[in-house]
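Peer 1: Take this structure first; my questions come after.
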Amino acid sequence: MNHRPPSVIRESAQRLGPVTAGLYGAILAGCASTSGCGGTPFESRRAEVLTAPAETAFTLENTVGDVRVVADPSATSVRMEVIRIGKGSTQQKAAEAVEELRFELIDTPGNEGVVVKTVQPKSTWAAGKQHAAEWVITAPPAPASS
Amino acid sequence: MSDDVGNVTIVGFENAVSARTDVGDLRLAGISGPVTASSDVGDVHINTAGAVDASSDVGNVHIELFGAAPVPVKAVSNVGNVHVVLPPSWAGTVDARTDVGSLSASAPGIATRPDRNGSGGAIAGRLGDNSAATLTARADVGNLSVDVRQVARAAD
């Protein structure tokens, strides 16, 4: 089993502009003030692309966020476009939440194939943070996706 | 593929596909191999030529087979409708039951058998020639339907 740090597989990273829901988000969260209401009206996003070899099997273990996996006959590897999403009770916490997300890539040739895991801190709701990762993955149609 | 919270869509793979989400919808389309899919809370929609094992605790389960082979199918929902579409070439035993819900079957060889109390019932029978394949469908609370018609391989 070979654990690779994410930096090895990261092809590119693009920081998206922070999204501030402000008062509107605060109202949705059920309070008139952005402080002390326990909501996470602020949002920050960052996109990046990961790649993995196209092996016999590919597994993604995500925590929160939509996942779309599409077979591409022209693909020679597994391409993963992931958007980190951090939400927070403040803009700073939202930005921190984005950075707290980690992605682990475990390559086990001939066994489970490639396993990608989203890792996020536990029990962060009380800290005023939420994490999500949205994935769009393209891969050759023949390798199994599990 | 697993997700705690979120929708999962998988399209176009030729080999085995497995997907699970705790809360969210699953959509697996244009799959050629066997499919395993489960959601605790969410709908499951499958379009495949392979064997199917699909379930949702709370959500509808919709399965379409587009391949010619008589593959086994298992579809379960505790609370939700179960709808299975088989190709005309599919052959095997149909064993479907709901405790509370309506029944609908559209092919000769299979029949609806409502319970006497009218709250649920079964769809049972055989389709085609000798085949070991079985369609097993269960719903605790939900409508059951089994249709036989050709469907296309979904491209998306």
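Residue numbers (this note's numbering), protein chains in the order written: chain A, 6 to 151; chain B, 448 to 603.
For each residue, glycine too, the CB sits at the ideal point set by N, CA and C.
On a predicted model such as this, the values are computed, not experimentally measured, just so you know.
(1) Check distances from the C-beta atoms of the region 45-65 of chain A to those of chain B and list, in chain order, the residues that come in under 9 Å.
(2) Less than 8 Å between CB atoms is the rule here; does A/G41 satisfy it with respect to chain B?
(3) Do the region 468-475 of chain B and the region 483-496 of chain B meet, that is, are 3 or more Cβ pairs less than 8 Å apart?
(4) Just the Cα atoms here: how many angstroms apart are A/S40 and B/A496?
(5) Taking Cβ-Cβ distances below 8 Å as the criterion, which residues of the region 449-462 of chain B are in contact with chain A?
(6) Considering only their Cβ atoms, is the gap separating B/A554 from B/L582 smaller than 8 Å?
(7) So, are the CB atoms of A/G70 and A/W140 less than 8 Å apart?
(8) Please compile the residues from chain B whose C-beta is within a distance smaller than 8 Å of the C-beta of A/T68.
(9) By the DSSP assignment, the alpha helix (DSSP H) with A/K127 in it spans what residues?
(10) Expressed to the nearest angstrom, what Euclidean distance is found between the alpha-carbon atoms of B/S524 and A/Q97?
(11) How would you call B/G567, buried or exposed, if buried means at least 16 neighbouring beta carbons within 10 angstroms?
(12) CA-CA distance, B/D603 and B/D562?
(13) Are the CB atoms of A/T56 and A/R73 within a distance shorter than 8 Å?
(14) Report the partner residues of B/D542 according to the DSSP bridge assignment.
(15) Taking the CB atoms as reference points, tell me whether B/V532 and B/V482 lie closer together than 8 Å.
(16) Going by beta-carbon coordinates alone, are B/D518 and B/I510 separated by less than 8 Å?
(17) Just confirm the distance between the C-beta atoms of A/A147 and B/N454, as a whole number of angstroms; I'd bet it's less than 8 Å.
(18) Can you find the residues in the same chain that come closer than 8 Å, C-beta to C-beta, to A/E66, ignoring five residues on each side of it along the sequence?
(19) Can you name the residues that DSSP bridges to A/T68?
(20) What residues from chain B crowd round A/D71, counting only those whose CB sits closer than 7 Å?
(21) Considering only the beta carbon of each residue, do A/T68 and B/D451 sit closer than 8 Å?
(22) For A/A76, would you say it is in contact with chain B, using Cβ-to-Cβ distances shorter than 8 Å as the test?
(23) Looking only at C-alpha atoms, which of A/G133, A/R51, A/T45 sits nearest to A/L106?
(24) At 9 Å on the CB atoms, spell out the chain B contacts of A/A147, in chain order.
(25) Can you say whether A/K127 is buried or exposed, counting buried as having 16 or more other CB atoms within 10 angstroms of its CB?
Peer 2: Quick look at the numbers:
(1) Near chain B, meaning a CB-to-CB distance below 9 Å, the residues of the region 45-65 of chain A are T61, A62, F63, T64, L65.
(2) Within the first sequence, residue 41 of chain A is the residue found at index 36, counting from 1. The pLDDT assigned to A/G41 is 44, lower than 50, so where the model puts this residue is not dependable; a value taken from the coordinates is nonetheless given after this. Not flagged as an interface residue toward chain B: A/G41, since no C-beta distance is shorter than 8 Å.
(3) Yes, the region 468-475 of chain B is in contact with the region 483-496 of chain B.
(4) Mapped onto the first sequence, residue 40 of chain A falls at position 35. Mapped onto the second sequence, residue 496 of chain B falls at position 49. Low local confidence applies: a pLDDT of 41 at A/S40 is under 50, so the model's placement there is unreliable, with the coordinate-based value given in what follows. If you take the alpha carbons of A/S40 and B/A496, they lie about 53 Å apart.
(5) Correct list: S449, D450, D451, V452, G453, N454, V455, T456, I457, V458, G459, F460, E461, N462.
(6) Here residue 582 of chain B refers to the residue found at position 135 when the second sequence is read from its first residue. Here residue 554 of chain B refers to the residue found at position 107 when the second sequence is read from its first residue. No; because the gap between Cβ atoms is not below 8 Å, this pair is not in contact.
(7) Residue 70 of chain A sits at position 65 when you count from the first residue of the first sequence. Residue 140 of chain A sits at position 135 when you count from the first residue of the first sequence. Yes. Within cutoff.
(8) For the purposes of this step, residue 68 of chain A is identified with residue 63 of the first sequence, where counting begins at 1. Correct list: D450, D451, V452.
(9) For this step, residue 127 of chain A is matched to residue 122 along the first sequence. First-last for A/K127: undefined, no H or E at that position.
(10) Mapped onto the second sequence, residue 524 of chain B falls at position 77. Mapped onto the first sequence, residue 97 of chain A falls at position 92. Each residue's Cα considered, the two are about 43 Å apart.
(11) The residue you call residue 567 of chain B lines up with position 120 of the second sequence. Classification of B/G567: buried, given that the 10 Å Cβ count is 16 or more.
(12) Within the second sequence, residue 603 of chain B is the residue found at index 156, counting from 1. Within the second sequence, residue 562 of chain B is the residue found at index 115, counting from 1. Cα to Cα, B/D603 sits roughly 39 Å from B/D562.
(13) For the purposes of this step, residue 73 of chain A is taken as the residue at position 68 of the first sequence. For the purposes of this step, residue 56 of chain A is taken as the residue at position 51 of the first sequence. Not closer than 8 Å, so no.
(14) Start at 1 with the first residue of the second sequence, and residue 542 of chain B comes out as number 95. According to DSSP, which records beta bridges pairwise, B/D542 is partnered with B/A571, B/T583.
(15) As a first step, residue 532 of chain B is located in the second sequence; it is residue number 85 there, counting from the start. As a first step, residue 482 of chain B is located in the second sequence; it is residue number 35 there, counting from the start. Against a cut-off of 8 Å, the Cβ pair of B/V482 and B/V532 comes out as no contact.
(16) The residue given as residue 518 of chain B occupies position 71 in the second sequence. The residue given as residue 510 of chain B occupies position 63 in the second sequence. The residue asked about is misnamed: residue 518 of chain B is Val in this sequence, not Asp. No, the Cβ-Cβ distance between B/V518 and B/I510 is not below 8 Å.
(17) Numbered from 1 along the first sequence, position 142 holds the residue referred to as residue 147 of chain A. Numbered from 1 along the second sequence, position 7 holds the residue referred to as residue 454 of chain B. For A/A147 against B/N454, the beta-carbon gap comes to about 25 Å, at or over 8 Å, which does not count as contact.
(18) As a position in the first sequence, residue 66 of chain A is number 61, starting the count at 1. Taken in chain order, the residues that qualify are V120, V121, K122, T123.
(19) By 1-based counting over the first sequence, the position of residue 68 of chain A is 63. Residue pairing from DSSP leaves A/T68 without any beta-bridge partner.
(20) Here residue 71 of chain A refers to the residue found at position 66 when the first sequence is read from its first residue. Within 7 Å Cβ-Cβ: G453, N454.
(21) Numbered from its first residue, the first sequence carries residue 68 of chain A at position 63. Numbered from its first residue, the second sequence carries residue 451 of chain B at position 4. Yes. Within cutoff.
(22) Within the first sequence, numbered from 1, the residue matching residue 76 of chain A stands at position 71. With 8 Å as the cut-off, A/A76 counts as an interface residue toward chain B.
(23) For this step, residue 106 of chain A is matched to residue 101 along the first sequence. Of the listed residues, the one whose Cα sits closest to A/L106 is A/R51.
(24) As a first step, residue 147 of chain A is located in the first sequence; it is residue number 142 there, counting from the start. Under the 9 Å cutoff, chain B gives F460, E461, N462.
(25) Within the first sequence, numbered from 1, the residue matching residue 127 of chain A stands at position 122. A/K127 comes out exposed.
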